[in-house]
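Worksheet: one structure, shown below.
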DNA sequence: CAAGTCATGTAAAAAGTTACATGATTGA
DNA sequence: TCAATCATGTAACTTTTTACATGACTTG
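Structure representation (structure tokens):
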């Protein structure tokens, strides 16, 4: 597999919230989910067909006006199960397509018992990553001379560190929020 | 094109720093550049061939020990030009593969006159994005009830806002750094 | 001398982008 | 009525991943 077909899970997650057409799903990538993932209708339509063939979703044909045929897609129970299994599976974030964020997006209940273990795993990952990055910075840029020699690299590494710090803080905030819920 | 072949520019940028083999280039994606982009050797080797056919790079065969053949790749002047043109071209960041960061990585001179205009463009983009996201949050989550109804979405949106704020701060810091240089 | 790393490749498949194509409905 | 938007699809191509494949060098 080229990737783990995250788009499939995104579509399932969106359909879980409400039954909708391929067109509606495609629009979601211009706003909401668009902050974290992109997809075009030309990728969505064929995938919906495949998912229907796999019995993860089904559709109801609706006629609008005189002729316009819409396909209102909805999740099957198999789709539900597949989606739930994905939520529980370990998240990877190769290529900066952060799968954890993706999963989080679909957990609408603040009391979900999935949240805490997911966050804990993520905290561990990001703490380690932050530590690793800080070490890298120390090694590669111990003084101003090195920074001036490879300025862009130092900026980018600093950005990565900032990003991880921000990520960690955000996770810590999250823990507080669900604690008081 | 499926994307704008950013990997090509990454390889050029890495070769600009020093001539090296495909194997060496592949290793870079385990550390350095690995924070921002991933690539496997199976993608790198064929691309190097294509780039050589396009005269962007060339190689020198080196024999190590008795038989081992290495291909030491290096940039041609055409490659230089292509790379420089890329640095000056507008950056897009669809799919969270942030091209600006990628470009920055390759600007090793803190006095480069490319930096300021690039940063300015980026600041504008991220300020607008931040504003847009904050508005989104206000619209979608005006009260706690809405947050509880769509908890994950709210967290993820908050994360996006944090991320943009972090990005903006980082850009502002950068401006200060290059100012005093 | 064996394990780990260095070194280079190809093949098959999945994922994603861009372009091509068509037609209906809605609101100004 | 005309432009914008709704709605669905296919084709061609590029990018990316995973797996297959081979062999040399280095260090303990």
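Protein chains in written order, with my numbering: chain G, 1 to 181; chain E, 1001 to 1181.
Here a beta-carbon is modelled for each residue, glycine too, at the ideal position from N, C-alpha and C.
Nothing here was measured: the structure is a model prediction, and the numbers come from that model.
With a threshold of 8 Å on Cβ separation, who are the neighbours of residue i within its own chain once the five nearest residues in sequence on each side are excluded?
i: residue 1069 of chain E; result: 1061, 1062 and 1063
i: residue 1161 of chain E; result: 1130, 1133, 1134 and 1137
i: residue 25 of chain G; result: 11, 14, 15, 44, 48 and 73
i: residue 1042 of chain E; result: none
i: residue 127 of chain G; result: 168
i: residue 34 of chain G; result: 28
Residue i by DSSP, collapsed to three states: which one?
i: residue 1131 of chain E; result: helix
i: residue 175 of chain G; result: helix
i: residue 104 of chain G; result: helix
i: residue 1071 of chain E; result: strand
i: residue 1115 of chain E; result: helix
Quick check on the DSSP output: the beta strand (DSSP E) that includes residue i runs from which residue to which?
i: residue 1058 of chain E; result: 1057 to 1064
Taking residue i as the reference, which of the options has the closest Cα?
i: residue 1108 of chain E; options: E:1145, E:1128, E:1122 and E:1087; result: E:1087
i: residue 122 of chain G; options: G:102, G:110 and G:141; result: G:102
i: residue 1175 of chain E; options: E:1157, E:1120, E:1106 and E:1150; result: E:1120
i: residue 178 of chain G; options: G:149, G:18 and G:111; result: G:111
i: residue 158 of chain G; options: G:33, G:139 and G:172; result: G:139
i: residue 1090 of chain E; options: E:1151, E:1149, E:1114 and E:1173; result: E:1114
i: residue 1152 of chain E; options: G:116, G:151 and G:163; result: G:116
i: residue 190 of chain G; options: G:171, G:85 and G:20; result: Here chain G comprises residues numbered 1 to 181, so residue 190 of chain G is not present and cannot be evaluated.
i: residue 80 of chain G; options: G:4, G:17, G:150 and G:118; result: G:17
i: residue 172 of chain G; options: G:143, G:150 and G:124; result: G:124
i: residue 1082 of chain E; options: E:1163, E:1032 and E:1006; result: E:1006
Ends of the alpha helix (DSSP H) at residue i?
i: residue 1014 of chain E; result: 1006 to 1017
i: residue 1044 of chain E; result: 1041 to 1053
i: residue 1084 of chain E; result: 1077 to 1088
i: residue 1028 of chain E; result: 1022 to 1028
i: residue 145 of chain G; result: 144 to 149
So, for residue i: in the same chain, excluding its five sequence neighbours on each side, which residues have a beta-carbon less than 6 Å away from its beta-carbon?
i: residue 54 of chain G; result: none
i: residue 51 of chain G; result: 57
i: residue 66 of chain G; result: none
i: residue 22 of chain G; result: 44, 45 and 48
Ignore the nearest five residues each way along the sequence and tell me which others in residue i's own chain have a CB closer than 7 Å to its CB.
i: residue 1141 of chain E; result: 1147 and 1154
i: residue 8 of chain G; result: 47 and 51
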